[in-house]
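Numbering (the working numbering), first residue to last: 2 to 314.
Here a beta-carbon is modelled for each residue, glycine too, at the ideal position from N, C-alpha and C.
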Amino acid sequence: MEDLTRLVKGEHDNPHEYLGLHGDQLRIWLPGAESVCVRLGKEEKRLHSTTGLFECTTDETSYELLIDGNWRKDPYACALSIDQLELLKFKKGEHRELYRQMGGRLIEGGARFVVWAPRAKSVHLIGDFNQWNHYSHPMRRVLDDFWEIFVPGAEEQMSYQYLIRTESGNSIEKADPFAYYNGYRPNRASLLFDPESFEWTDLEWMTKRKTRNHFTVPMSIYELHLGSWRREKEGFKNYRAIAIELAQYCIEMGYTHVELMPLSGHPLDESWGYQVSGFYSVTSRFGNPRDFQFMVNHLHERGIGVIIDWVGA
2 MEDLTRLVKG EHDNPHEYLG LHGDQLRIWL PGAESVCVRL GKEEKRLHST
52 TGLFECTTDE TSYELLIDGN WRKDPYACAL SIDQLELLKF KKGEHRELYR
102 QMGGRLIEGG ARFVVWAPRA KSVHLIGDFN QWNHYSHPMR RVLDDFWEIF
152 VPGAEEQMSY QYLIRTESGN SIEKADPFAY YNGYRPNRAS LLFDPESFEW
202 TDLEWMTKRK TRNHFTVPMS IYELHLGSWR REKEGFKNYR AIAIELAQYC
252 IEMGYTHVEL MPLSGHPLDE SWGYQVSGFY SVTSRFGNPR DFQFMVNHLH
302 ERGIGVIIDW VGA
């Protein structure tokens with residue numbers, strides 16, 4: 002009963018040790034639901050509960066849940082989705098590609114979520130995949146400071162946040178500091194995104210860039226702020242529309258490069274981008290990361306180099 006009490010209160014920090022299949026005991030956690038359909042081998046069984054904890058005994062070694070009309074794995078049937086050695090490198094201050102490990106990341110079968118919250122009592126994942134239920138997806142504590150969960154079936158463009166319960170008992174909804182894509186106001190959530198799916202066609206430019214002598218070849222740089230450059234009355238232009246106009250303008254004016262004022266995620270429209278809130282995402286004011294990739298790719302195809310201001314503090 003202690004585990005159930007901690008789940009109900011939103012205070013469990015190791016739910017995978019209690020939920021899922023352990024021996025012949027199956028426990029499924031779906032707070033707010035009155036029943037759940039589970040597939041055990043070839044048998045389909047409907048379980049009922051008034052507490053959100055569904056239990057049964059079984060001789061099967063695996064199971065699936067019927068979620069939104071699809072059979073999916075239970076998050077609590079999934080092994081740890083991150084190599085703990087990667088997290089140890091971070092704790093030692095030695096990791097140089099931490100963005101590949103942390104945050105919401107689409108991997109085979111769904112999405113892995115890892116967040117660093119060393120002072121939290123518990124952390125829950127909330128988002129589109131669980132109708133923003135504050136209790137249904139408690140994350141497990143890893144190496145004292147990190148929290149992890151794998152969500153089967155999670156897809157690109159799904160919104161999510163972390164619900165962090167502090168030592169004082171307060172609950173705070175936080176966006177993902179490692180997100181590749183963040184919502185545009187009033188949406189404060191992070192979004193799952195796969196930046197590797199874009200097909201680049203700027204090989205010619207990238208090849209020439211490696212052999213060009215930047216100390217002797219003339220450069221003429223056009224610095225601009227995308228939020229105010231040829232802004233439309235009804236709002237901001239999309240990265241793709243900007244790409245076409247900007248490339249043509251640079252060619253006509255003789256510029257070899259553009260320098261873009263900070264494009265990292267930031268909260269204020271009127272800002273030039275120096276109040277960064279998302280170091281690993283481009284601002285969504287002008288579209289999604291794939292639209293941004295199109296802009297860079299198009300500028301390269303037209304022979305225009307791209308320099309991006311980065312704000313570290």
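Cross-strand partners of LEU126 (DSSP beta bridge): The sequence position of residue 126 within the sequence shown is 125, counting from 1. DSSP output for LEU126 lists TYR163 as bridge partner(s).
Length of the line joining the Cα atoms of LEU27 and ARG186: What you label residue 27 is simply residue 26 of the sequence shown in a count that begins at 1. What you label residue 186 is simply residue 185 of the sequence shown in a count that begins at 1. Computed Cα separation, rounded: 42 Å.
Cβ-Cβ distance between TYR161 and VAL116 below 8 Å: Your numbering for residue 161 matches position 160 in the sequence shown. Your numbering for residue 116 matches position 115 in the sequence shown. Result no, Cβ atoms of TYR161 and VAL116 do not sit closer than 8 Å.
For LYS175, three-class secondary structure by DSSP: Position 174 of the sequence shown, counted from the first residue, corresponds to residue 175. For LYS175, the three-state secondary structure derived from DSSP is strand.
Inter-residue Cα distance where the pair is ALA244 and MET262: Numbered from its first residue, the sequence shown carries residue 244 at position 243. Numbered from its first residue, the sequence shown carries residue 262 at position 261. Those two C-alpha atoms are separated by around 15 Å.
CA nearest to the CA of ALA176, picked from ARG40, GLU18 and SER278: Here residue 176 refers to the residue found at position 175 when the sequence shown is read from its first residue. From the listed residues ARG40, GLU18 and SER278, the smallest Cα separation to ALA176 is found for SER278.
When LEU86, GLY105 and ARG231 are compared against ASN183, the one with the closest alpha-carbon: Looking up residue 183 in the sequence shown gives position 182. The option with the nearest alpha carbon to ASN183 is GLY105.
Collapsed DSSP secondary structure at ARG241 in the structure displayed: Your numbering for residue 241 matches position 240 in the sequence shown. ARG241 falls in the helix class under three-state DSSP.
As assigned by DSSP and simplified to three states, the class of ALA319: As shown, the chain starts at 2 and ends at 314. That puts residue 319 outside it, with no answer to give.
Between the CA atoms of LEU193 and GLU157 - distance to the nearest angstrom: The count along the sequence shown starts at 1 and reaches residue 157 at position 156. The count along the sequence shown starts at 1 and reaches residue 193 at position 192. Going from the Cα of GLU157 to the Cα of LEU193 covers about 5 Å.
Top-ranked residue by Cα proximity to ASP25, from LEU300, THR58 and ALA190: Within the sequence shown, the letter at position 24 stands for residue 25. Closest option to ASP25, judged by alpha-carbon separation, among LEU300, THR58 and ALA190: THR58.
Stretch pair the segment 3-23 + the segment 74-88: three plus CB contacts closer than 8 Å: Yes, the segment 3-23 is in contact with the segment 74-88.
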